[in-house]
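Letter by letter, the sequence shown follows residues 1 to 174 of full-length UniProt numbering.
The structure under discussion appears below in the form of structure tokens.
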Amino acid sequence: MAEQGKRGLARMFAEQAPVLRGFFVRRGANDEAEDLVQETYLRLLRAHQAGGAAIGNPEAYLFTVALNLAREQAVRRQRPVQSLEEMENMAALLAVGDSVEDATDRDQRRKRLQALLADLPERTRAVLVMQYRDGLSYKQIAQRMGVSSHMVKKHVVRGLARCRQALAEDAPTP
Numbered sequence: 001m002a003e004q005g006k007r008g009l010a011r012m013f014a015e016q017a018p019v020l021r022g023f024f025v026r027r028g029a030n031d032e033a034e035d036l037v038q039e040t041y042l043r044l045l046r047a048h049q050a051g052g053a054a055i056g057n058p059e060a061y062l063f064t065v066a067l068n069l070a071r072e073q074a075v076r077r078q079r080p081v082q083s084l085e086e087m088e089n090m091a092a093l094l095a096v097g098d099s100v101e102d103a104t105d106r107d108q109r110r111k112r113l114q115a116l117l118a119d120l121p122e123r124t125r126a127v128l129v130m131q132y133r134d135g136l137s138y139k140q141i142a143q144r145m146g147v148s149s150h151m152v153k154k155h156v157v158r159g160l161a162r163c164r165q166a167l168a169e170d171a172p173t174p
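See the structure below:
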């Protein structure tokens, strides 16, 4: 019975996918419209599989999810892009020094960075490592992980935000 429900959702989604694509494009997500359409469907499937109350009107639910995704996308577009200074600060954590004090500081920073990375979800950690250590692009990471470039970007943004927050909490107050 659950399988029939999935097939019904898949059929409804196939019919609505072009409409959803247009919905996202009209809201300015030209490059990410396809990813957002797929994310909408995934959220619908997750809700269906959660085993809670049955979705009374799957089509309405689909468009509610799409509207929420469009709003999330609009908020993300308004956030400032990571500055060059922030990226240089990240690189400074890995910089090589000459003195014993520099080596000690570098070792402490390395351990702190490892601890921060260890606290991140596995996929987010993998994305950050592939981007910063291996120098891979979002597209290359997406291909390796079998996800969209948009999802890679989400992992990078979330991971860096969590690291920044943890570092800010650890910083001494003047």
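Where a beta carbon is used, it is the ideal one built from N, C-alpha and C, also for glycine.
Please classify residue i as buried or exposed, where buried requires at least 16 neighbouring CB atoms within 10 angstroms.
| i | result |
| --- | --- |
| E32 | buried |
| K154 | buried |
| M1 | Any answer about M1 is weak, because its pLDDT of 42 lies below 50 and its placement is not dependable; what the coordinates show is given next. So M1 counts as exposed. |
| Q131 | buried |
| L67 | exposed |
| Q73 | buried |
| Q49 | exposed |
| V152 | buried |
| Q16 | buried |
| P169 | The sequence as given places Glu at residue 169; Pro does not occur at that position. By the neighbour-count rule (16 or more Cβ atoms within 10 Å), E169 is not buried but exposed. |
| T104 | exposed |
| A60 | exposed |
Rounded to whole angstroms, what is the Cα-Cα separation between residue i and residue j?
| i | j | result |
| --- | --- | --- |
| L116 | L160 | 10 angstroms |
| L20 | R43 | 14 angstroms |
| L45 | A54 | 12 angstroms |
| V127 | D119 | 14 angstroms |
| G97 | R112 | Only weak support exists for where G97 lies, its pLDDT of 48 falling under 50; the coordinates are left without a value. |
| G8 | R164 | 44 angstroms |
| V156 | R27 | 23 angstroms |
| E34 | R158 | 21 angstroms |
| Q108 | R133 | 18 angstroms |
| E122 | R144 | 14 angstroms |
| S148 | K139 | 8 angstroms |
| V65 | M12 | 15 angstroms |
| A10 | R106 | 52 angstroms |
| M23 | G56 | It should be noted that the sequence gives Phe, not Met, for residue 23. Going from the Cα of F23 to the Cα of G56 covers about 22 angstroms. |
| P58 | N30 | 25 angstroms |
| L136 | R162 | 21 angstroms |
| residue 178 | I141 | The structure shown does not extend to residue 178, since the chain spans only 1 to 174, so no value can be given for it. |
Using DSSP with H/G/I as helix, E/B as strand and the rest coil, what is residue i?
| i | result |
| --- | --- |
| G28 | coil |
| S148 | coil |
| G56 | coil |
| A50 | coil |
Scan the segment 102-137 and note each continuous alpha helix (DSSP H) run of 4 residues or more that stays entirely inside, going in chain order.
Counting only runs of 4+ residues, the alpha helix (DSSP H) found wholly inside the segment 102-137 occupies 122-128, in chain order.
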